[in-house]
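Written out below as structure tokens is the structure these notes cover.
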Amino acid sequence: MQTTAGVEYPLPWEAEGELYGGFFRAMKEKKLYARKCCSCAAWQWPPRPFCRECQSTEFKWEEVPDHGTVYTYTVMYRAFSEYYTDKLPCGVVVVDVGPVRLPGRFLGHAEDIECGITVKAEFDEQALTGSSLAWVAR
Amino acid sequence: MTQLKAQITGVGETAYTRGTDRSERDQILDASLTACADAGIEPKAIDGVVMAWKDSPTNEDVVNTFGIEDLKYHAHVHIGGASPAAAVLQAAMAVTTGVATRVLVATGWNAYSTPVRLSSGAQESSNVTNMPGKEIRQNIEYPLGLFAPMQWYSFHANRWFYEYEADPKGMETVALATRKHANLNPNAYMGGRTLTSDDYQASKYLVKPFRLFDISLETDGAAAVIVSAAAVDSESSRGVSILSGSEGHADAPDDILARPDVLNMGITKAGPRALELAGVKPDDFDFAQIYDCFTFIVLRQLEELGFCQRGESSDFVANGRIELGGDLPLNTHGGLLSEAHVAGMNHVVEAVRQLRGEAGERQVHGAGLGLVTGYGDFGDGSVLVMGR
Ligand SMILES: [Zn+2]
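In the order they appear, the protein sequences are chains A and B.
So that you can map any letter, position 92 of the first sequence is 91 in numbering that gives the first Met the number 0, and since no number is skipped, the others follow by simple counting.
So that you can map any letter, position 13 of the second sequence is 12 in numbering that gives the first Met the number 0, and since no number is skipped, the others follow by simple counting.
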């Protein structure tokens, strides 16, 4: 947790690390990046040290679409960490953007979420502070 | 494939409670001593130990407690609730090959008497340990508020409902049937409490699609079994045979959210393997003890094991089929939902009791072939086929 503009957002542990740094830096600039293997061009998400297709350790960050369809989701009526206790019910959607699937908070009525709906990335304050990605129905 | 030559010759459990002043280590050692007594052996006759999930007690603790003079084998299994059945398979392989002769398999969980329960709203990312895929948890999931198994499993459940138009009624059927069984089990934590359809329907959603009664108990307790070479303790006429076992792992085994097909899980691979190794079909089983951290995952395992097609399990479990007296009595002890959450070690114990004909009021008449599954972490699976 860290305080930004008076609000505590839960932060990733390694926002500047080799595995996740490229994703979180891009998110703060309103872009979605995922890892791509330099050797075999396979996309990789979530980031891992080795490519599972060719075992290479060389990766580059490439932009992926900022919209897609909801593959699956959850709706929480109980919060498991303090930050979300006053935000219930809240939803998390897993979005298929083509090359990879990216999870994020669903902005809007959580109970409206269904698999298959189309969503677009929304770079709200929590995303721009480097906490987590968000999606809205479009 | 070499046939396993292994029997379970002893079982032990602690009382299942909410509240204990005993450590997990002491509970597990206590259940282990009970298992030795049940097998009719001196504790020091144990020469192998497989820790199923929990790392305490260590094998050294077991040596010092039992007075073992020559420990020949030990292992740790770390696949959450899939660990006990997988650990029994390891023990069975150890005694089949002659590496050891009598192997203790034990685990336990003070899930209630713990500083931060899994159901608690006060999770801290620094508290969550002993999980695979730490970077995924710490960088993606924790900031999204994803900490608890009921959240991770809901991603699987909600896709299943969408893709196969599965009927959620089956979840209630599993909750009610297993509670009825627990009501016949004196050691079940929910032994004295009935559960009606009205109770179920009135219970709150914690995470869609899981109501309170779709989620396993938080209890304190431990359980253990002794796996012996088929030849040595054959004086124990109560030994039951381990006919086959298997384990399996989901694609992207530490990450449900990015898994190519979230419905493919460890049991998808392990289930058919164990049945083929034993030369049996789903119809052959007299009962099944299916890992039930959630009601829905029981339904999904029945589908992947081949009892019915994907999306059809709610029909399969209807009309009393999984109750005592039905074609496939399921979780006759009450399971994790209504007996206790001992990471599924209690499912192995119950299978032994049924095959021995010692299950009392909840005995499956003429039980000769039983199925046990384990399910853990982010979709690891394990299966045992057991017979008289
Ligand atoms: Zn590659």
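Using N, Cα and C, we set each Cβ at its ideal position, and we do this for glycine too.
Exercise. List, in order along the chain, the chain B residues whose C-beta lies closer than 7 Å to that of residue 32 of chain A?
Worked result: What residue 32 of chain A touches in chain B: nothing, since even the nearest Cβ is about 14 Å away.
Exercise. For residue 12 of chain B versus residue 348 of chain B, is the C-beta distance shorter than 7 Å?
Worked result: yes
Exercise. How long is the line joining the alpha carbons of residue 123 of chain A and residue 133 of chain A, rounded to whole angstroms?
Worked result: 7 Å
Exercise. Which residues mark the beginning and the end of the beta strand (DSSP E) in which residue 102 of chain A is found?
Worked result: 100-106
Exercise. If you draw a straight line from the alpha carbon of residue 43 of chain A to that of residue 64 of chain B, how long is it in whole angstroms?
Worked result: 48 Å
Problem set entry | residue 4 of chain A classed as buried or exposed, judged by whether at least 16 other C-beta atoms fall within 10 angstroms | In this predicted model, residue 4 of chain A has a pLDDT of only 46, less than 50, meaning its place in the structure is not dependable; the value taken from the coordinates is given anyway. By the 10 Å Cβ count, residue 4 of chain A comes out exposed.
For this session: Tell whether a beta-carbon distance below 7 Å holds between residue 117 of chain A and residue 56 of chain A.
Result: no
Problem set entry | Spatial neighbours of residue 135 of chain A in its chain, beta-carbon cut-off 7 Å, leaving aside the 5 residues before and after | 106, 107, 118, 119 and 121
Exercise. Opposite residue 109 of chain B in the DSSP bridges: which residues?
Worked result: B:219
For this session: Taking only the alpha-carbon atoms, compute the straight-line gap between residue 293 of chain B and residue 216 of chain B and give it to the nearest angstrom.
Result: 10 Å
For this session: Helix, strand or coil for residue 37 of chain B, going by three-state DSSP, please let me know.
Result: helix
Problem set entry | Separation of residue 244 of chain B from residue 366 of chain B, as counted between CA atoms | 19 Å
Exercise. Quick one: is the Cβ of residue 38 of chain A within less than 6 Å of any heavy atom of ligand 1?
Worked result: yes
For this session: Decide if residue 53 of chain A is buried, meaning its Cβ has at least 16 other Cβ atoms within 10 Å, or exposed.
Result: exposed
Exercise. Hey, is residue 75 of chain A's beta-carbon within less than 7 Å of any beta-carbon in chain B?
Worked result: yes
Exercise. What residues in the region 237-261 of chain B bring their beta carbon closer than 8 Å to a beta carbon of chain A?
Worked result: 254, 256, 257 and 261
Exercise. Start and end of the alpha helix (DSSP H) containing residue 296 of chain B?
Worked result: 294-303
Exercise. In whole angstroms, what is the alpha-carbon distance linking residue 56 of chain B and residue 78 of chain B?
Worked result: 17 Å
Problem set entry | Reference residue 153 of chain B, options B:178, B:108, B:209 and B:172, closest by Cα | B:209
Exercise. Which residues of chain B have a Cβ atom closer than 7 Å to the Cβ of residue 44 of chain A, listed in chain order?
Worked result: 257
Exercise. Is there at least one Cβ from chain A nearer than 7 Å to residue 376 of chain B's Cβ?
Worked result: no
Problem set entry | Inter-residue spacing [alpha-carbon to alpha-carbon] between residue 221 of chain B and residue 239 of chain B | 21 Å
Problem set entry | Where the region 77-109 of chain A meets chain B: residues whose CB sits under 9 Å from a CB there | 77, 78, 79, 80, 81, 82, 83, 84, 86, 88, 89, 90, 91, 93, 99, 100, 101, 102, 103, 104 and 109
Problem set entry | Alpha-carbon to alpha-carbon, residue 110 of chain B and residue 119 of chain B | 11 Å
For this session: In angstroms with no decimal places, state the Cα-to-Cα distance between residue 80 of chain A and residue 7 of chain B.
Result: 42 Å
For this session: Please say whether residue 257 of chain B and residue 46 of chain A have beta carbons closer to each other than 7 Å?
Result: no
Problem set entry | Residue span of the beta strand (DSSP E) that contains residue 7 of chain B, given as start and end | 5-12
Problem set entry | Among A:111, A:70, A:29 and A:78, the one whose alpha carbon lies nearest that of residue 99 of chain A | A:70
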